[in-house]
Structure formats: structure tokens, C-alpha cells
Amino acid sequence: MKEFMIATASTADLPITYLKEHQIPFISYSYTLNDHIYLDDCSEESQRRLFNAMRLGIQPNTSQISEYAYEEFFRNLAKQGKDILFMDMARAVSKSIHNAEKAIQTVAQEFPNIQIQMVESYSITAGLALLVKHLVHLKETGSSYEECVQWAKDHALEYVHHFMVEDLKWLRKGGRLSNASAIVGSLLSIKPLIYLDQFGALISKRTVRGRKHCLKELLTWIEEDFTENTYQEELAIIHADCLEEAQKIREELLSLYPKLKPDLVIITSLGPTIASHVGPDFIGIAYRGKKREA
Numbered sequence: 473m474k475e476f477m478i479a480t481a482s483t484a485d486l487p488i489t490y491l492k493e494h495q496i497p498f499i500s501y502s503y504t505l506n507d508h509i510y511l512d513d514c515s516e517e518s519q520r521r522l523f524n525a526m527r528l529g530i531q532p533n534t535s536q537i538s539e540y541a542y543e544e545f546f547r548n549l550a551k552q553g554k555d556i557l558f559m560d561m562a563r564a565v566s567k568s569i570h571n572a573e574k575a576i577q578t579v580a581q582e583f584p585n586i587q588i589q590m591v592e593s594y595s596i597t598a599g600l601a602l603l604v605k606h607l608v609h610l611k612e613t614g615s616s617y618e619e620c621v622q623w624a625k626d627h628a629l630e631y632v633h634h635f636m637v638e639d640l641k642w643l644r645k646g647g648r649l650s651n652a653s654a655i656v657g658s659l660l661s662i663k664p665l666i667y668l669d670q671f672g673a674l675i676s677k678r679t680v681r682g683r684k685h686c687l688k689e690l691l692t693w694i695e696e697d698f699t700e701n702t703y704q705e706e707l708a709i710i711h712a713d714c715l716e717e718a719q720k721i722r723e724e725l726l727s728l729y730p731k732l733k734p735d736l737v738i739i740t741s742l743g744p745t746i747a748s749h750v751g752p753d754f755i756g757i758a759y760r761g762k763k764r765e766a
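So in our numbering, spot 293 of the sequence shown is number 765, and the numbers just go up one at a time.
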């Protein structure tokens with residue numbers, strides 16, 4: 473069986489230790505603070521830099537990955553002689569995916585004996601991480617390249633994402649919410665509950681007044697999409713510079729849903745690319761559950 477690799481992007485927010493341990497190459501998105509460009513390199517230092525700036529009111533900007541950067545990334549991987557399965561964040565939230573597709577076409581022509589496939593993930597951050605980790609597990613337990621590609625196509629929509637945004641001003645500054653709506657929402661302490669739909673697009677399910685009430689709704693809302701897989705695989709709590717709160721949420725989840733296995737309920741930190749658009753104190757939960765449908 474020909475060797476292959478699984479590659480991803482920094483927006484999976486996988487810990488750098490995991491990426492190195494399992495030899496998963498990744499391409500970095502970038503963000504700008506005070507006219508200085510930084511790579512989202514999956515490091516804790518990068519996360520601290522961003523959150524410290526945002527808590528001072530500084531608005532970061534993010535950039536697409538260029539077609540050229542993707543070409544260099546795939547070309548360097550193809551030189552290793554292995555087939556490539558690449559998983560990036562959902563097309564609905566990243567225009568970079570079009571550049572990745574064009575780059576794959578170019579590099580595939582240069583290396584006709586190497587298969588390079590990008591499967592639509594319909595996911596971001598921890599949801600994408602869980603999907604990538606499952607594919608890595610399949611690969612490491614003997615699944616073929618074709619089997620991993622097909623599994624991703626068949627099961628990507630089973631990864632469910634539920635989020636809460638703390639301050640609407642970051643959505644406004646990022647152009648994802650009108651100025652008037654953000655001001656009214658902030659004055660009333662309104663928090664949006666957000667999910668990813670069947671296209672991977674961010675959708676507001678409802679708004680709740682007050683962080684405490686919003687988190688309570690989040691913890692009960694997620695059960696709607698639980699399946700038996702939810703209890704057998706990792707469930708990820710994703711946070712933006714609010715680790716202590718994430719730890720409390722983990723305790724509440726284990727109390728509310730005793731079928732969850734403690735060693736499979738993990739906490740991970742939101743990376744700079746997505747955090748630039750949602751701000752500090754964001755909380756999310758991702759897991760494998762019901763397949764997303766219209």
C-alpha cells in the first residue's frame with residue numbers, strides 16, 4: 473500500500489505538540505496587528521499575543537492564503553513521494569479554499585504520480601480538529617488513502633459546532649454585523665448562539681441576554697445533536713482566553729451528561745485566525761453527532 477499523509481491548516485487549532493507527534497504538516501493563515509504581519513503557527517505565544525492586543529481594543533485583520541503559498545506548500549509535500557489528503561476549514565467561511573483548489577491542480581500536473589485531494593470539511597477550529605484526528609487515527613490503524621478520503625466525504629457533516637460570542641463589537645469590526653446591531657446588542661448584553669449549517673456557514677440560532685444565561689442555553693442546546701458517537705469519541709470545548717471558564721463548563725457537561733467519558737471531554741484554545749473575528753471570551757463546543765442537513 474502506497475504511503476500517504478494527512479495535512480491541514482492552522483485553523484484546525486490543533487496543538488503543535490499533536491501536529492509534531494503525528495507528523496501532520498500544516499499551512500499557516502496570517503493575521504495583522506498594528507501593521508505587523510504574524511503567522512498563525514499554532515503556538516501558545518501566537519495566541520497570547522493576539523488576545524493581549526484584543527483586550528486592549530486593538531482590531532486584528534486576517535488574510536487569505538495566496539495561491540502561490542498553497543503551491544509551495546503542496547509542492548514541498550509532493551516531493552516526499554506520498555499521496556496527500558488535505559483538510560482545510562469550510563469553504564463557506566474562507567475564500568482561500570479557491571486558491572487551494574487552483575494550487576492543487578497546478579502541483580498535480582507537476583507530480584502526476586502523486587494524488588492530492590482536498591475534501592470539504594464543512595468545519596472550523598475544534599470541529600475540524602476532531603475530523604482531522606479521526607482521519608489520523610484511521611490512517612495509523614491501517615486504513616488506505618482511498619478509505620480515508622471516502623470516510624471524510626461520508627462523515628464530515630457529522631461534526632457539530634455550537635458557539636457563543638461574548639462581545640458583538642468584534643463581529644461588527646470584522647464586517648459580520650451592522651454597527652447599529654452591535655451597539656444595541658452590547659448595551660443589552662446580548663450574546664448570540666451560533667452554529668455551522670450544512671454548508672459550513674455560521675448561522676445565528678438565537679440571542680440570549682447575559683453570559684450566564686447564554687452558557688446555560690449552550691449546554692442544553694448541544695444535546696439536540698447528540699448520537700451514540702458523541703459518547704464514544706472526543707468532545708471539544710474551545711475557548712478564547714478563558715480557560716478557567718472552559719474548565720467549569722467541562723465539569724458541568726460531565727454532570728449534565730453522565731454518559732460522556734471524562735477522558736474524551738477535552739479543552740482546547742481558539743487560534744488567532746478565528747479569534748480575530750470573534751474576540752476574547754468566546755466559548756464553543758464541537759463533537760461528532762447528527763449529520764447536518766437542510
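Yeah, the Cβ is synthetic: ideal placement off N, Cα and C, and Gly gets one too.
All values derive from a computational prediction rather than experimental measurement.
Residues that residue i bridges to, as DSSP identifies them
i	result
residue 707	737
residue 555	476
residue 760	631
residue 692	Answer is none; residue 692 lacks a bridge partner.
residue 662	681
residue 755	636 and 711
7 Å CB neighbourhood of residue i in its chain, flanking five on each side removed
i	result
residue 543	575, 578 and 579
residue 583	550
residue 693	634 and 665
residue 511	500 and 502
residue 473	616
residue 765	670
residue 569	560 and 563
residue 702	759, 760 and 761
Pick from the options that is closest to residue i, judged by C-alpha positions
i	options	result
residue 478	590, 729 and 511	590
residue 718	697, 761 and 752	752
residue 555	505, 616 and 564	616
residue 541	532, 502 and 553	502
residue 581	570, 550 and 600	550
residue 620	633, 631, 682 and 605	605
residue 714	564, 509 and 756	756
residue 532	512, 483, 504 and 519	504
residue 682	482, 638, 493 and 517	638
residue 482	684, 560 and 735	560
residue 610	485, 749, 562 and 557	557
residue 763	492, 592, 626 and 521	626
residue 567	538, 545, 546 and 585	538
residue 761	612, 546, 480 and 704	704
residue 588	706, 603, 548 and 565	548
residue 740	733, 700, 671 and 754	754
residue 706	519, 732 and 684	732
residue 573	565, 701, 546 and 553	546
residue 729	698, 663, 565 and 571	698
residue 622	518, 486, 592 and 562	592
As assigned by DSSP and simplified to three states, the class of residue i
i	result
residue 743	coil
residue 535	strand
residue 678	strand
residue 667	strand
residue 721	helix
residue 481	strand
residue 729	coil
residue 560	coil
residue 765	coil
residue 698	coil
residue 673	coil
residue 687	helix
residue 528	coil
Same chain, Cβ closer than 6 Å to residue i, neighbours up to 5 away in sequence not counted
i	result
residue 599	631, 633 and 758
residue 659	Bear in mind that the predicted position of residue 659 carries a pLDDT of just 38, short of 50, making it too unreliable to give a figure here.
residue 494	608
residue 514	482 and 488
residue 678	665
Near the ligand SAM: residue i beta-carbon under 7 Å from a heavy atom
i	result
residue 583	No copy of the ligand SAM appears in this structure; indeed no ligand is present at all.
Cβ-based neighbour list, residue i, same chain, cut-off 8 Å, excluding 5 preceding and 5 following
i	result
residue 675	666, 667, 668 and 669
residue 822	Summary: the structure shown does not reach residue 822, with the chain confined to residues 473 through 766, and so no result is reported for it.
residue 527	713 and 752
residue 624	557, 559, 591, 593, 603 and 607
Check: Enumerated in chain order, which unbroken segments of the beta strand (DSSP E) with a length of 3 residues or greater are wholly contained in the stretch 566 to 651?
Finding: 588 to 590 and 631 to 636
Check: Which residue spans inside the stretch 483 to 518 form an unbroken beta strand (DSSP E) run of at least 3?
Finding: 502 to 505 and 508 to 511
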